[in-house]
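Mapping to the numbering used here: the sequence shown position 106 is 101, numbers consecutive. All C-beta atoms, glycine included, are put in the ideal place defined by N, C-alpha and C. Bear in mind the structure is a predicted one, so any value in this text is a computation, not a measurement. Written below as structure tokens is the structure these notes are about.
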Amino acid sequence: MTTNSEWFTRAQAVIPGGVDSPVRSFRSVGGTPYTVVSGSGAYVTDVEGKTYIDFVQSYGASLLGHAHPSVVKALCDRAALGTTFGAPTQGEVLLAEAMTARVAGLEQVRLVSSGTEAVMSAVRLARGATKRSKILKFDGCYHGHSDALLVAGGSGVAQMGLPDSAGVTAGAVGDTIVAPYNVVPTLDETVAAVLVEPVAANMNLVAPVANFLQGLRAECDRVGALMIFDEVITGFRLAYGGAEEFFGVTPDIWCFGKVIGGGLPVGAFGGSRELLTNLAPLGPVYQAGTLSGNPLATAAGITVLGAMDRAAYEALTTKAQNFAAQLQQVIRDNGLYAIVPTQGSLLGLYLARSESAAPTNFDEAKVLCDNGLYRTFFHEMLSRGIAMAPGAYEIMFLSMAHSQEDLDATLRAAAEAARATANG
Ligand SMILES: *Cc1c(COP(=O)(O)O)cnc(C)c1O
């Protein structure tokens, strides 16, 4: 019998910090990460044989739940036929058709291998098409780890970004402007594109206020800047047609990842046929990838999208909204104050000691995320078999596989965890 501790010690010897993505490290909550052996539906099981109800779901990449039988079968069938060729495959066409059929105005997509790659390439496309340099992003929105987008920026008015990470040069972020979320910035004709998470889901959950996305669309049109929806989380999760359908605002470029890979590495960016004509081999904007549109990944993605009709999205949304209301109430009934904001099937979780308003931007989110309560609550939940993301800035991900019994068990654990946190 091995332990999480033994595996994490071995991991730390050969992998920096023991993790291949820092969000998995438990740095912000303390303690030792569980090392996962397997997942099934709503559950994950670690090397100690302990099973958890999983609300991480690979940070949203898993929509049907872990090891869904139809996805497993599609992967096995596909693996037997070969997994990468360096030539066009049918799977790429089928996944691109499935995506463009669901999102109005999305006429073409280019498949890549991660969300980071999708956004990085979308920015290049926007700059190439507009022949402008500047891009604007919002404080607290995450767009992957490419240099130009790793900027924190400050609060208040839009300001020039400074590097958020060592190794990112001032030059790499010199054309990135950072503005506060939920305020329509004033743009000028040097701006190639504005990047936005239509629901901010990387500073816990911050919903767009009324007319923010509409106002941003109008401001982009006024100066000829392209509007980029980073739908790496919201895409094919928020609604059947994503954020455009949900909010009634149409961007010029969409970025996708997570859900469309069905648990394998995929990203995509796209827009109108005319705009995508700028991409190589048709146009001057270069973009490429050895494993892009990988047959295994497209097989999984097609299977997931195929399983999600409109009724499935409605069911997921109803389940998430009922659960959110109950979770908020059960925590408030047990000595802590909770805000559980929702947008469609996305839900956040803010904890406080006294009544607080739902955050509308990064500065407000920080106050609640940094109050230290989440770290205690997280461990109280984990010890009761509920796995949440090991960081207060993440949201909770429900999958199609979470049953009412799973959610009821989670609410019972949350009552005890809230009491323990309040008294701690
Ligand atoms: C996860 C995420 C990304 C980056 O995707 P990776 O696949 O981790 O590279 C980009 N944008 C948003 C909104 C994300 O949530």
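Under the three-state DSSP convention, the category residue i falls into
i	result
Ser128	coil
Arg22	coil
Cys136	coil
Met94	helix
Ala302	helix
Ser53	helix
Gly262	strand
Met391	strand
Leu402	helix
Thr337	strand
Leu58	coil
Val14	coil
Thr229	coil
Leu308	Note that residue 308 corresponds to Tyr in the displayed sequence, not to Leu. Residue state, collapsed to three classes: helix.
Met(-4)	coil
Val114	helix
Thr40	strand
Phe318	helix
Ala196	coil
Gln154	Low confidence applies to Gln154: its pLDDT is 36, below 50, so where it sits in the model is not reliable, and the reading given next is rough at best. Correct three-state label for Gln154: strand.
Val178	coil
Leu331	coil
Val325	helix
Thr79	coil
Ala382	strand
Val280	strand
Any non-hydrogen atom of ligand 1 closer than 7 Å to residue i Cβ
i	result
Glu192	yes
Gly135	no
Lys253	yes
Asp15	no
Val189	no
Gly386	no
Ala235	It is worth fixing the name first, because residue 235 is Tyr in this sequence and not Ala. Result no, Cβ not under 7 Å from ligand 1.
Ile228	yes
Asp49	no
Asn199	no
Asp225	yes
Gly339	no
Gly343	no
Gly86	no
Tyr176	no
Thr111	yes
Val66	no
His138	yes
Gly36	no
Val107	no
Ala315	no
Val114	yes
Cβ neighbours of residue i in the same chain (closer than 7 Å, five flanking residues each side left out)
i	result
Phe241	Leu233, Ala234, Gly339
Phe373	Val24, Met383, Pro385
Ala202	Val194, Pro336, Gln338
Ser394	Ala37, Gln52, Ser57, Leu58, Leu59, Gly60
Arg209	Checking the displayed sequence, the identity of residue 209 turns out to be Gln instead of Arg. Excluding sequence neighbours, Gln209 sits near Val244.
Ser65	Thr298, Ala302
Anticipated Cβ contact below 8 Å, residue i with residue j, distance rounded
i	j	result
Arg73	Leu291	6 Å
Ser116	Arg122	Ser116 to Arg122, Cβ: 11 Å. No contact.
Ala295	Leu259	5 Å
Val173	Val146	6 Å
Val218	Glu184	5 Å
His138	Lys132	6 Å
Cβ neighbours of residue i in the same chain (closer than 6 Å, five flanking residues each side left out)
i	result
Ser20	Gly12, Val14
Gly156	For Gly156, the predicted structure reports a pLDDT of 42, less than 50, and the residue's modelled location is therefore unreliable. The matter cannot be settled from this model.
Thr457	Shown here, the chain extends from -4 to 419; a query on residue 457 therefore has no answer.
Ile381	Ile48, Thr405, Ala408
Continuous alpha helix (DSSP H) stretch holding residue i: start and end
i	result
Met376	368 to 378
Ala187	Where Ala187 is concerned, there is no enclosing alpha helix (DSSP H), although the beta strand (DSSP E) it sits in stretches over 186 to 191.
Ser65	64 to 74
Thr4	-1 to 9
Asp358	357 to 364
Asp216	207 to 218
Residue i: first and last residue of the uninterrupted beta strand (DSSP E) it sits in
i	result
Ser108	Premise fails: Ser108 is in no beta strand (DSSP E) and is neither H nor E.
Ala347	345 to 347
Leu271	Element bounds for Leu271: not the beta strand (DSSP E) but the alpha helix (DSSP H), 268 to 271.
Asp170	It is not in any beta strand (DSSP E) - Asp170 carries neither H nor E in the DSSP assignment.
Gly34	31 to 35
Phe242	Taken as a continuous stretch (DSSP letters only), Phe242 belongs to no beta strand (DSSP E), being part of the alpha helix (DSSP H) at 237 to 242.
Val163	No beta strand (DSSP E) contains Val163, which DSSP labels as neither H nor E.
Ile255	Counting along the chain, Ile255 falls outside any beta strand (DSSP E), and DSSP gives it neither H nor E.
Own chain residues within Cβ distance below 8 Å of residue i, not counting five before or after
i	result
Ile425	In the structure displayed, the chain extends from -4 to 419; residue 425 sits before or after that span and is not available.
Arg370	Ser23, Val24, Gly25, Ala387
Phe80	Pro290
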